[in-house]
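The structure under discussion appears below in the form of structure tokens.
Residue numbers (the numbering used here): 167 to 810.
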């Protein structure tokens, strides 16, 4: 009964967010508590809402496309390429862009951009708080942008919109910033999952790009939200795959594998060019002597002219992506996508309008694969566009696993797994070595913030206090009279550079602590009233109930304790007896960082190859003989030269 009540009490404490007693802290593989249960329940509700939001956004895109290009009230998704507006088609993107500029200026500037950088900024800088109006203005502005012919995708806006709804719901509850971040990302993943029928890729994108951690406390709620949205998609939108492909061979051979490597490198080059083009366009718009509200209209003019030249460049381009994967796209369409679509996409995105990058990247990657298909081994219709699409996602977004799994979920072609792994990895390697930031993080960096996407185990988590604490310290008996202490104050206070002095009893148990400043104050008091202080014991002047730590705690616990208390030195005691065993200071914690630096920078040859074969032994013996014979000659020559 006692055991059950203790378990129930622990559960209630965890649900309330109360910390466990440090003595009872149990180390394990993960730090997740039962707080993940209520967070997961909220995430499931947000996942259901994300599916509805995705449906609404898709219907809005269809509505505005029909209104702008066909002057009819219909919510079905259609391509703007079939319109009969003629030259007046140029005005449609300009009108849509003017509306977006007004919404951004007088509604919320947060609706500008492709969505994912704004979600990253909300997570890192704003404590995962998103304004409620963003949740309504972002999908509306994106639908107007895409519906008026913008060459964008719906995934970025739906990620931002789903994240906004997740953050908005989280703000109604008593949650930490980390829990709000989890629910924001849960909404973003749910939106992507419902839009593309890609629940696993949505979770991977969350881990690789949005969560900035790999912990069960965040992965579990995000995965449940994504799964919930995928289930509801079946009833709201329909089943996947979004882009079915013809069957491809299970194994393509070494020559085709090398070609996958080459395709990945070319996709990496294209990724770098596209990223540079977007931000070169943004720099050009910033140089204009007009308010940023008018920039989208200039981008809209570029869209209109591009659509007049190449109508297939308008809109999301799902039909063209599907045709590329089926392998029946003429060369003129492929060249038009690579030249016209990429140009107007970079210009309009740099203008600060609202729209996503995922679908355009798929389209341009597929066009690259279609252009290379006649030069590469025949592995089935649409094979090389599929591989190139995944590669350009991995290279541009710097999310390789997302790129691989996303293409598998879009096509359900598991046979493409190995080729995708090779191509995506090579594209990712190229862009990582060539570019410091991705197309999604460069915008955050330009706003004056820095983020890193390398996830590793903190050395403070795996090194214990016992490994860095100092045991050669000065400890003072609590029963020591102040007079005896003050007589040797100068020698004690400067030994080993120690600044914190523990006081112990006869059993070496910690009673309290004194700082060097405390000792100096005692010395001053002793000089002012020596007779009154002679009989006082040291224990009467100490700081009782000091903050302590334990030998088997990781350094992470000590860092948190120091941050919470403002202390930089803590006594180390045994948890069972309270006996003093050492001291740990802030400088001791740097030893963990030094160990990491040594592991990363110190290079050594651990194993050496020894020649064991007779021929190798014979060659080694001849080399040693030559060295032995040349040494005396050299000495003899030097001697002769000296004598001369």
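For every residue, glycine included, the Cβ atom is placed at its ideal position computed from N, Cα and C. Source: prediction; values computed, not measured.
CB of residue i within 8 angstroms of CB of residue j, strictly
i           : j           : result
residue 410 : residue 263 : no
residue 594 : residue 625 : no
residue 473 : residue 255 : yes
residue 353 : residue 524 : no
residue 492 : residue 547 : yes
residue 750 : residue 736 : yes
residue 388 : residue 372 : yes
residue 437 : residue 562 : yes
residue 162 : residue 220 : There is no way to answer for residue 162, as the model of the chain reaches only from 167 to 810.
residue 350 : residue 314 : no
residue 348 : residue 601 : no
residue 555 : residue 535 : yes
residue 285 : residue 216 : no
residue 818 : residue 331 : With the chain covering only 167 through 810, there is no way to say anything about residue 818.
residue 743 : residue 675 : yes
residue 303 : residue 273 : yes
residue 367 : residue 568 : yes
residue 290 : residue 617 : yes
residue 165 : residue 241 : This structure leaves residue 165 out entirely; the chain is present only between 167 and 810.
residue 196 : residue 496 : no
C-alpha distance - residue i paired with residue j, whole-angstrom precision
i           : j           : result
residue 324 : residue 208 : 19 angstroms
residue 230 : residue 257 : 15 angstroms
residue 774 : residue 210 : 56 angstroms
residue 271 : residue 227 : 22 angstroms
residue 260 : residue 464 : 7 angstroms
residue 251 : residue 369 : 42 angstroms
residue 298 : residue 487 : 34 angstroms
residue 455 : residue 288 : 29 angstroms
residue 570 : residue 390 : 21 angstroms
residue 443 : residue 610 : 17 angstroms
residue 452 : residue 429 : 35 angstroms
residue 530 : residue 246 : 18 angstroms
residue 591 : residue 599 : 12 angstroms
residue 745 : residue 637 : 13 angstroms
residue 186 : residue 203 : Residue confidence is low: residue 186 scores 44 on pLDDT, short of 50, so the model does not pin down where it sits. Its coordinate-derived value is still stated next. Roughly 18 angstroms between the two C-alpha positions.
residue 667 : residue 772 : 44 angstroms
residue 543 : residue 448 : 39 angstroms
residue 712 : residue 459 : 59 angstroms
Spatial neighbours of residue i in its chain, beta-carbon cut-off 8 angstroms, leaving aside the 5 residues before and after
i           : result
residue 416 : 581
residue 717 : 630, 631, 632, 635, 738, 740, 747 and 748
residue 761 : 625 and 629
residue 253 : 474
Contact set for residue i: own chain, Cβ-Cβ below 7 angstroms, skip 5 residues either direction
i           : result
residue 426 : 553, 585, 588 and 589
residue 408 : 362, 363 and 576
residue 724 : 631, 715, 736, 750 and 755
residue 500 : 533, 536 and 537
Where residue i falls, given that 16 or more other Cβ within 10 Å makes a residue buried
i           : result
residue 549 : buried
residue 604 : buried
residue 405 : exposed
residue 729 : exposed
residue 193 : exposed
residue 379 : exposed
residue 683 : exposed
residue 540 : exposed
residue 321 : buried
residue 317 : buried
residue 557 : buried
residue 159 : In the structure as shown, the chain begins at 167 and stops at 810. Residue 159 is therefore absent and cannot be evaluated.
residue 494 : exposed
residue 765 : exposed
residue 551 : buried
Per DSSP, cross-strand counterpart(s) of residue i
i           : result
residue 630 : 720
residue 553 : Paired residue(s): none; residue 553 is not in a bridge.
residue 520 : 279
residue 715 : 738
residue 413 : Answer is none; residue 413 lacks a bridge partner.
residue 725 : According to DSSP, which records beta bridges pairwise, residue 725 is partnered with nothing at all.
residue 751 : 735
residue 746 : 739
residue 642 : 669
residue 319 : 522
Proximal residues to residue i (C-beta, below 6 angstroms), its chain only, five neighbours per side dropped
i           : result
residue 719 : 631
residue 520 : 266, 277, 307, 308 and 311
residue 283 : 606, 609 and 610
Residue i at chain D interface by Cβ criterion, 8 angstroms
i           : result
residue 532 : The chain labelled as chain D is not found in the depicted structure, where only one protein chain is given.
Closer than 7 angstroms: residue i CB and nearest the ligand GTP heavy atom
i           : result
residue 738 : Within the structure as shown, the ligand GTP is missing, as the structure has no ligands at all.
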